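Residue numbers (the numbering used here), protein chains in the order written: chain A, 1 to 239; chain B, 1001 to 1239; chain C, 2001 to 2239; chain D, 3001 to 3239; chain E, 4001 to 4239; chain F, 5001 to 5239. Ideal placement from N, C-alpha and C gives every residue a C-beta, glycine not left out. Keep in mind the model is a prediction, meaning the values are calculated, not measured.
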């Protein structure tokens, strides 16, 4: 089985870290192909970055010949719906993967993400997925995405403090880490705070494996129907 | 890895069929332990049957020494919350497993279940999980549970007709089969109607494997805290 | 008129207290039959206790020959749906009774219950009944159920403090007491805090009387249809 | 106990019919005082009629010296919030009374009302009460309010046909009659269709008796605080 | 174009202030006719005041010959539905106008209104309009309506402090001022706090102009159908 | 005042038609600058097309020096959130403009759009805006976008038939036309069916004028904060 893991931002060493996390949980026989667009935002912090990285992301999916499932490795689930129109293979966003897993392990969870500007996009996703009622609160730790990559940063300590507040103030029974760059902190935070702490990257890889094994595919009916083929020709004539 | 698959009703050959379906999708190295209570309802059709099979179900979980995850193999997700209080291992209901999978493969899905009397319980589950907005409609096929087990029955044809109505009337992009006894029909219905048809038994097994591989556990904080230990002693004194 | 009041836990003196509260508000001519299962949990604190007491509860209802309505005297409304399948008489849970009454006396109410582990079950009930939007917050007082029964306990003081916080922080206009064991505190808390404080036991008794007087019955259509009669025979043949 | 039953429209014989229905279900010792404003709309069919009858309704409540509870006998629950500001006695609308009762007797109910123009107001009430999710559909029978009063009318037959459609198309397990003028049809429709058919007038009377017996009062905190007393003086100075 | 701006309370100098605010934003060629009922509440603070001013409001609309749109200049959107039954011209409440505008300028907004007693009515409106999910919180500043009119009052400072709390505690991205009497504070509060601060009076005037220019009218189908004409005659015969 | 109207697809004569519609309703003194990206999808029919046209749309906004407001002239409100991060001027999508207008003219509306594949995206927008409860149904007419541009097409007739079904089956009180290319049909459909028929292009232009006149701006706090400026430099160093 071959899983295409797309980091939609253009920061290569973040892609490497995501790929390594994915390989650690992949089953024997699963190949992880971790890639990122050559151009585009270095990090995805808010709606603008999200929008700008989508064509690069879609190009990678269109241009990759052989894969059994796709992981979109940005917690905003950037371009998820558009990507599903391109393939009948499962396409899983790391945000949705983490939310669905958390919903089956707890009565309610909180999300700890990076910057306040990213909170509304995550709230909109939760509303759309139907899981807003399961999420007690989306919390910003005020740690920027690329700070997570900086050696010597106190990012983990600040995220841990926010996890503590989620438990005390939100009655959170589980925590979802709201950025692909936080994957390495999950195990230690879970041990420290004594509750499930869920990273979306590994959750999405495991869900892809599950779906491929079950031979489940993305629906081609309705909203995820393939894009209209004759489109570009039509446009050529029209302009 | 060892997954305890509990069929909460007492119909042995249904347990066997569920166990066989589970084994077909389990990874190499995963052992499936399929069991059912010795007593209790022969099928679960509505609230009363659901309630009556829960103590038997919980006794099986308490009395089983060694397992890594539990599947509750009744589409009503019977006793799911109570079971989670008994173990920190993942406990997955086949209903929720199918709903969550369907939510990642389609914009909206419909459920095709057995009798009209079971519909409200499924609707309540969907509301509680937060996924009611993702479900276009819960449909009764009017095929009783045990009819699914009868050789020569026209059950599959009647279910297929209901799937057709779900596509035409509900704009369903995927179908969830609303009974453990329908597991064998999923592949042929999917081929016939050209959209994902999801059986909860295999979905739950695959989700359990995913969670175990990720080392995710049921939260012990809040609603799934272990039952109060000193309880029985207290009662002994009080009565 | 004869109202069967079932305390689903097995603590006899709690049943006596509930019965006495019920009799104080019953109309002349209404007989209160307060009973509890001989076995099962001594108190209901969370999902596991809830599930374990349901068969005993249902057995009492099935085995009682003559009643006009049933009150389920546990604030979790334990086994309510299953009980409704057994009789066309009104069956009222003390939780739902209190929520519905509070909804007709205030714009929004808060619930003060016992332990944090019980909060999610109450929240799920509120969601399912549709009344979650009317409830500002479900609050845990951290007073265990059986502490309510202990002479000399400071339970009432701690509950009163929580009521104060509900008024200050939640803008609660009414309070619902979230445990059958708190029935005796309602009047004094109402006087102390100057707002309606609603106990579910008396609310449910009064609602039962109202429904019996109006000749209203539980619906037999759909989800509350009687359990399938031929079931046990079928099982006998199948195993 | 004395219950003030206000028919907010000015049709006297409708008031008489409502009063008679109320008296039939009232307990011995309960006095029913059925009144209507001298002026104002003859029937309440839509938002405009609703608004115009409120001052007359409020004047009756302010001007009545001695009552223990108030029933607002229009299915739109006309002026309910404003009336609650005038008294700490329970004030129950017949619409809400019927919705709450139906919610405790069935998984889902449908409403059968008079004209299509009244449907949005009822839907808004259901949304606000939180009970919209419990109601399958609000149906117009196209029978005008005053046609219900006309001897020889085929109103009951047309309403019965609409009840039949609610059962067949909405999976309704109970029916709420959406007009005070339909009170007399409830018993026969229930017998004919084999499910609970709930009239709001008697439901509200019984709920008032229940609340008075429990000594429950309308909250004076927040939204139902008494109107500001010094208001008129202020206005006199200001103009 | 002629816009009828009705202040439903009877405080003349408040009407004058509203009229002046409306004229400042009206396009050249738009005439503002600002009026108030001669009698009725001096301020609208809660449900009772709301109800009592509606007939005066409706009488003004019925009695005004020539207008292209109506603004209801009370933040409770008093009598909005009833007013729409009287005319096919656009009728806009200042509350809804501000909520809709805020929804197009921010991800979430908070409302700062006058007294706590008014909060539930605003929350009900938000729920009904569908915009409750867009509103973080409705906050009471504890400044009475008529205090806003008093020279030398510290009303603006208290409202500003509440705006500060909305930003800090609610993550509000915009503020809606919850009273027609606060119109003059919007610009300075916006400058002080650095986010959009929306007054409903000017929002409603601008929306009316937009709708008139587009030739959009209030629907006459369903809930806003004109009141039944033959009504009064019928009543005359019936009594 | 200068309003930048961006058609996010690359079909020039559709841009011209949109620009002409906008100019017909613009106030004297309002300049309409109607543009489209040089490249990208010729029509936007589903998630993939939506995603692919966003960078071109954002580039137009970034590269335009002088405007007072922006209209995004695709009914999917393509790229709306990202565009708001680029400017403090009002940015209005034609979908949201039409939904908000319809919500102030009717109790409930239906949307008539082009293809079934576009329906889920519109439903997601409605959910996110909070207005899903105001919309009875999103209907596909099965008329492709570019068919709307073809001389001699029967598009208007097919759309009219769908409007008829919305009135009969959905109890719609108003209709929203779900594609920028349908702008020219609004007036005749409104006359034919006797209810408001709302085109988003003109609704958005009028809302922009209203907001500019009121000096209202897009919030810069939270989700619409400007993109992080140092981003590209950081990336340059990181790769």
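- Residue 194 of chain A and residue 103 of chain A have their C-alpha atoms some 17 Å from each other.
- Taking 3 residues as the shortest admissible run, the stretch 5010-5076 of chain F contains the following complete beta strand (DSSP E) segments, listed from N- to C-terminal end: 5031-5035, 5069-5072.
- Residue 1199 of chain B is classed as buried because its beta carbon has at least 16 other beta carbons within 10 Å across all chains shown.
- Only exposed fits residue 3191 of chain D, as fewer than 16 other CB atoms lie within 10 angstroms of its CB.
- For residue 124 of chain A, the chain F residues whose Cβ falls inside 7 Å of its Cβ are 5128, in order along the chain.
- Nearest C-alpha to residue 3143 of chain D among D:3157, D:3132, D:3032, D:3029: D:3157.
- Counting along the chain, the unbroken alpha helix (DSSP H) around residue 4119 of chain E starts and ends at 4119-4129.
- Checking the DSSP bridge columns, you'll see residue 167 of chain A has no partner listed.
- With a threshold of 9 Å between beta carbons, residue 5022 of chain F makes no contact with chain B.
- Taken through DSSP and simplified to helix, strand or coil, residue 93 of chain A comes out as strand.
- Beta-bridge analysis with DSSP links residue 5159 of chain F to no other residue.
- Secondary structure note for residue 212 of chain A: its alpha helix (DSSP H) is the uninterrupted segment 200-213.
- Looking at the backbone, the Cα of residue 37 of chain A and that of residue 5051 of chain F are separated by about 16 Å.
- Counting along the chain, no beta strand (DSSP E) covers residue 5084 of chain F; the unbroken alpha helix (DSSP H) around it starts and ends at 5080-5084.
- Residues of chain C whose Cβ lies closer than 9 Å to the Cβ of residue 3096 of chain D are, in chain order, 2103, 2104.
- Neighbourhood of residue 2025 of chain C in chain D, by CB distance below 7 Å: 3213, 3214, in chain order.
- When DSSP states are grouped into helix, strand and coil, residue 2188 of chain C belongs to the helix group.
- Taken atom to atom, the span from the alpha-carbon of residue 2081 of chain C to that of residue 5132 of chain F is near 31 Å.
- Secondary structure of residue 1145 of chain B (DSSP, three-state): helix.
- In this structure the stretch 38-45 of chain A does not touch the stretch 15-22 of chain A; the number of beta carbon pairs closer than 8 Å is below three.
- Here residue 5001 of chain F has 5030, 5068, 5212 as same chain residues with Cβ atoms under 6 Å from its own Cβ, once five neighbours each way along the sequence are excluded.
- Using a Cβ-Cβ cut-off of 9 Å, residue 4089 of chain E is close to nothing in chain D; its nearest Cβ partner there is about 15 Å away.
- Where residue 5111 of chain F is concerned, the enclosing beta strand (DSSP E) starts and stops at 5109-5113.
- Judged by DSSP in its simplified three-state form, residue 1220 of chain B adopts coil rather than helix or strand.
- Excluding sequence positions up to five before and after residue 4162 of chain E, its CB lies within less than 6 Å of the CB of 4112, 4139, 4141, all in the same chain and listed in chain order.
- Excluding five sequence positions before and after residue 5226 of chain F, the CB atoms of its chain that fall closer than 8 Å to its own CB belong to 5085, 5086, 5220, given in chain order.
- For the pair residue 209 of chain A and residue 91 of chain A, the Cα-to-Cα distance works out to about 11 Å.
- Listed in chain order, the non-local C-beta contacts of residue 47 of chain A below 7 Å within the same chain comprise 121, local neighbours out to five positions each way being set aside.
- By the CB criterion at 9 Å, residue 2202 of chain C and residue 2179 of chain C fall outside the cutoff.
- Counting of Cβ neighbours within 10 angstroms places residue 2065 of chain C among the exposed residues, the total staying below 16.
- When Cβ-Cβ separations below 9 Å define contact, residue 5006 of chain F makes no contact with chain E.
- Residue 2045 of chain C and residue 1218 of chain B have their C-alpha atoms roughly 18 Å apart.
- Residue 37 of chain A does not reach chain E, its nearest Cβ partner there being about 27 Å away, counting only Cβ pairs nearer than 9 Å.
- Looking at F:5160, F:5223, F:5110, the one whose alpha-carbon comes closest to that of residue 5171 of chain F is F:5110.
- Neighbourhood of residue 3151 of chain D in chain F, by CB distance below 7 Å: empty, with the nearest CB roughly 32 Å away.
- By the neighbour-count definition (other C-beta atoms within 10 Å, threshold 16), residue 5077 of chain F is a buried residue.
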